[in-house]
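Single-structure report; data block below.
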Amino acid sequence: MTRKETISILVCGYAIFMLSACAGIQYPKPEDVQTGLASWYGPKFHGKTTSNQETFDMYDMTAAHRTLPFGTYVMVTNLDNDKSVSVRINDRGPFIKGRIIDVSYAAARMLDMIESGVVPVRIEVLPDQTQIGTSQRFSVQVGSFVQKSNAESLKTELRREYKSAYISIYKTSHHLFYQVRIKAEGLQDARRICHKLISDGYSAFVLEEH
């Protein structure tokens with residue numbers, strides 16, 4: 081066998097090996113559900129540049145994931161209390177074994193995981209939500225639950241002061257989520273309601289409805 085033939089065989093073998101290796105990589109699919117540990121990050125990184133070149137705002141509903149495309153929305157559910165929140169992937173991480181997502185401070189408040197720091201979660205990729213809202217209808221979301229009874233309890237509690245509190249049902253390919261919201265008359269009203277809720281000890285954020 082000539083030297084040229086030997087090199088050709090080696091090159092072909094390497095190519096076959098690489099194709100086989102690539103075929104074995106498991107990329108996340110939109111319908112997949114992942115479970116693992118979630119952590120959160122906030123003040124230390126506030127104002128710094130994220131992996132997709134945005135400025136990290138700890139008060140935005142965002143998160144870091146190792147592989148999901150930037151701009152992907154996922155529903156994160158705290159398996160310790162069934163609270164959930166939708167976040168947008170705009171960063172890479174976490175890089176600690178066992179952890180699958182790193183949520184912002186605001187999202188961590190909604191998940192009630194500030195004190196514990198690390199909690200078991202389930203994450204589900206949501207349908208595209210990148211469209212620009214034109215409805216200009218705003219509400220304030222105060223909670224999102226897998227258990228309807230938890231949502232009903234929070235709605236009843238809120239209705240003592242906010243008569244427009246209601247439950248919005250959000251369905252993914254695997255679960256139903258009961259989201260407790262308060263209708264607002266506009267953006268300024270939503271911000272006012274949100275600020276008061278936070279000052280009263282609730283976790284809340286302004287949501288533009290589509």
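With the numbering used here applied, the sequence shown covers 81 to 290.
For every residue, glycine included, the Cβ atom is placed at its ideal position computed from N, Cα and C.
- By the beta-carbon neighbour count (other beta carbons within 10 angstroms, threshold 16), residue 223 is buried.
- The continuous beta strand (DSSP E) containing residue 288 extends over residues 285 to 289.
- Per DSSP, reduced to three states, the secondary structure at residue 130 is coil, with no helix or strand assignment.
- Beta-bridge annotation (DSSP): residue 187 is not paired with any residue.
- Secondary structure of residue 233 (DSSP, three-state): helix.
- Judged by DSSP secondary structure, residue 196 falls outside any beta strand (DSSP E); it is assigned neither H nor E.
- Taking a cut-off of 8 Å for Cβ pairs, the region 198 to 207 and the region 229 to 239 do not touch, as fewer than three such pairs fall below it.
- At the C-beta level, residue 184 and residue 141 come within 8 Å of one another.
- By the 16-neighbour rule on beta-carbons within 10 angstroms, residue 267 is exposed.
- Around the beta carbon of residue 249, fewer than 16 other beta carbons sit within 10 angstroms, so the residue counts as exposed.
- By the neighbour-count definition (other C-beta atoms within 10 Å, threshold 16), residue 175 is an exposed residue.
- With contacts defined by Cβ atoms closer than 8 Å, residue 182 and residue 283 do not form a contacting pair.
- The beta strand (DSSP E) runs lying completely inside the region 226 to 271 and spanning 3 residues or more are 245 to 251 and 256 to 263, given in chain order.
- In the three-state scheme derived from DSSP, where H, G and I count as helix and E and B as strand, residue 159 is classed as coil.
- Remark: C-beta atoms of residue 217 and residue 289 approach each other more closely than 8 Å.
- Measuring C-alpha to C-alpha distances from residue 219 to each of 168, 276, 269 and 157 identifies 269 as the nearest.
- Pairing residue 128 with residue 173, the inter-Cα distance amounts to about 15 Å.
- Counting along the chain, residue 171 sits inside the beta strand (DSSP E) bounded by residues 164 to 171.
- Checking the DSSP bridge columns, you'll see residue 136 has no partner listed.
- Nearest neighbour of residue 263 by Cα position, chosen from 256, 257, 254 and 273, turns out to be 273.
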